[in-house]
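A.B. asks: Submitted below is the structure of interest, expressed as structure tokens.
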Amino acid sequence: MFAKNYGAHASTGYALNGLAPLAQSEDELALFIDEVRARTASARVDLVGHSEGGLLAGVLSRRLGPSGVRTVVLLAPATHGASLSGTTDLLHDLGIEATADGILRATICPACADMSSPGSAYRQKNNQPPLAATGVNYHILALRDDAVVSPGGTASFIDESGVENRFADELWPDSDFEHPTLPQQRPVVDWVRQKLQRQ
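The opening residue of the sequence shown carries number 15 in the numbering used here; numbering runs sequentially from there.
Right, dumping it as structure tokens:
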């Protein structure tokens with residue numbers, strides 16, 4: 015297994031990850047995948063991503079196609095963007111969405127603007143169907159009451175043939191899940207492992 019901290023941004027002195035423009039992070043991860051394939055002498059990889067990382071894993075699966083990717087497991091991915099519990103809708107209604115978008119891009123989190131703004135160039139480019147590459151296995155797990163990637167399910171799921179879309183709340187109704195810690199939950203870890211091993 016290989017993991018990559020990506021998307022460090024100058025606004026934090028490169029101390030925090032996942033803040034850089036999504037196009038930059040996508041290219042960074044594509045290079046990392048090439049390195050992994052070279053080190054392992056494997057033509058195809060499996061991708062597991064959470065939240066923003068899930069969005070990028072989905073984009074990269076289409077970019078690389080079935081010759082480069084076998085299975086994609088996405089945990090609460092921001093596939094269709096993130097409304098942040100309606101925050102972006104409120105900004106739009108108040109007429110300050112463009113201002114907030116500009117501030118995010120110019121300061122701490124260009125990636126946030128790429129994900130939350132419906133008009134962002136990155137969302138426009140990468141949210142056109144088909145979102146699932148033919149020949150790649152997709153498994154998506156979402157939260158019904160996700161406070162970050164919202165609305166839960168709708169913002170994450172890919173409604174296309176061959177894609178498994180599930181709610182963690184339904185699979186494990188006695189468990190409490192929250193967006194930030196979803197990948198660390200034991201049932202979720204086991205679910206991811208199962209999806210990777212069954213292919």
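From the three backbone atoms N, C-alpha and C, an ideal C-beta is built for every residue, glycine too. In this text the structure is predicted, and so the values were computed from the model without any measurement.
Go ahead and pull the three-state DSSP assignment for residue 68.
C.D. replies: The count along the sequence shown starts at 1 and reaches residue 68 at position 54. Three-state result, residue 68: helix.
A.B. asks: How far does the beta strand (DSSP E) with residue 12 in it extend, from its first residue to its last?
C.D. replies: With the chain covering only 15 through 213, there is no way to say anything about residue 12.
A.B. asks: Give the straight-line distance between the Cα atoms of residue 154 and residue 205, rounded to the nearest whole angstrom.
C.D. replies: The residue you call residue 154 lines up with position 140 of the sequence shown. The residue you call residue 205 lines up with position 191 of the sequence shown. Going by the C-alpha atoms only, they are around 11 Å apart.
A.B. asks: Using 8 Å as the Cβ pair cut-off and three pairs as the minimum, do the stretch 195-211 and the stretch 128-146 touch?
C.D. replies: Short answer: they don't touch.
A.B. asks: If you drop the 5 nearest sequence neighbours on each side, which residues of the same chain put their C-beta closer than 7 Å to that of residue 66?
C.D. replies: Counted from its first residue, the sequence shown places residue 66 at position 52. So the qualifying residues of the chain are 32, 92, 125, 129.
A.B. asks: Where residue 270 and residue 30 are concerned, what is the direct C-alpha to C-alpha distance, given to the nearest angstrom?
C.D. replies: This structure leaves residue 270 out entirely; the chain is present only between 15 and 213.
A.B. asks: Return yes when the Cβ of residue 90 is within less than 8 Å of the Cβ of residue 156, no when it is not.
C.D. replies: Reading the sequence shown from its first residue, position 142 is the one you call residue 156. Reading the sequence shown from its first residue, position 76 is the one you call residue 90. Yes, these two residues count as a Cβ contact at 8 Å.
A.B. asks: Looking at the unbroken alpha helix (DSSP H) that takes in residue 20, where does it start and where does it end?
C.D. replies: Along the sequence shown, one-based indexing puts residue 20 at 6. Taken as a continuous stretch (DSSP letters only), residue 20 belongs to no alpha helix (DSSP H), as it is neither H nor E.
A.B. asks: Suppose the cutoff is 6 Å on Cβ atoms and the five residues either side in sequence are ignored; what does the same chain contact list for residue 36 look like?
C.D. replies: The count along the sequence shown starts at 1 and reaches residue 36 at position 22. If we look at residue 36 and ignore the five residues flanking it on each side, its Cβ neighbours are 125, 128, 136.
A.B. asks: What does the Cβ neighbour count give for residue 16, buried or exposed, with the cut at 16 atoms within 10 Å?
C.D. replies: Start at 1 with the first residue of the sequence shown, and residue 16 comes out as number 2. Label assigned to residue 16: exposed.
A.B. asks: Consult DSSP for residue 178 and reduce its assignment to one of helix, strand or coil.
C.D. replies: Translated into the one-based positions of the sequence shown, residue 178 becomes position 164. Looking at residue 178 - three-state DSSP - the assignment turns out to be strand.
A.B. asks: Could you check where the alpha helix (DSSP H) with residue 210 kicks off and where it finishes?
C.D. replies: The residue you call residue 210 lines up with position 196 of the sequence shown. Start and end: 200-212.
A.B. asks: Helix, strand or coil for residue 26? Go by DSSP, reduced to three states.
C.D. replies: As a working note, residue 26 is residue 12 in the sequence shown. In the structure shown, residue 26 sits in a helix (DSSP, three-state: H, G or I).
A.B. asks: Going straight from the alpha carbon of residue 145 to that of residue 152, what length do you get?
C.D. replies: Position 131 of the sequence shown, counted from the first residue, corresponds to residue 145. Position 138 of the sequence shown, counted from the first residue, corresponds to residue 152. Distance between the alpha carbons of residue 145 and residue 152: 10 Å.
A.B. asks: For the beta strand (DSSP E) holding residue 156, just list the boundary residues, first then last.
C.D. replies: What you label residue 156 is simply residue 142 of the sequence shown in a count that begins at 1. 151-156 is the span of the beta strand (DSSP E), which, as asked, contains residue 156.
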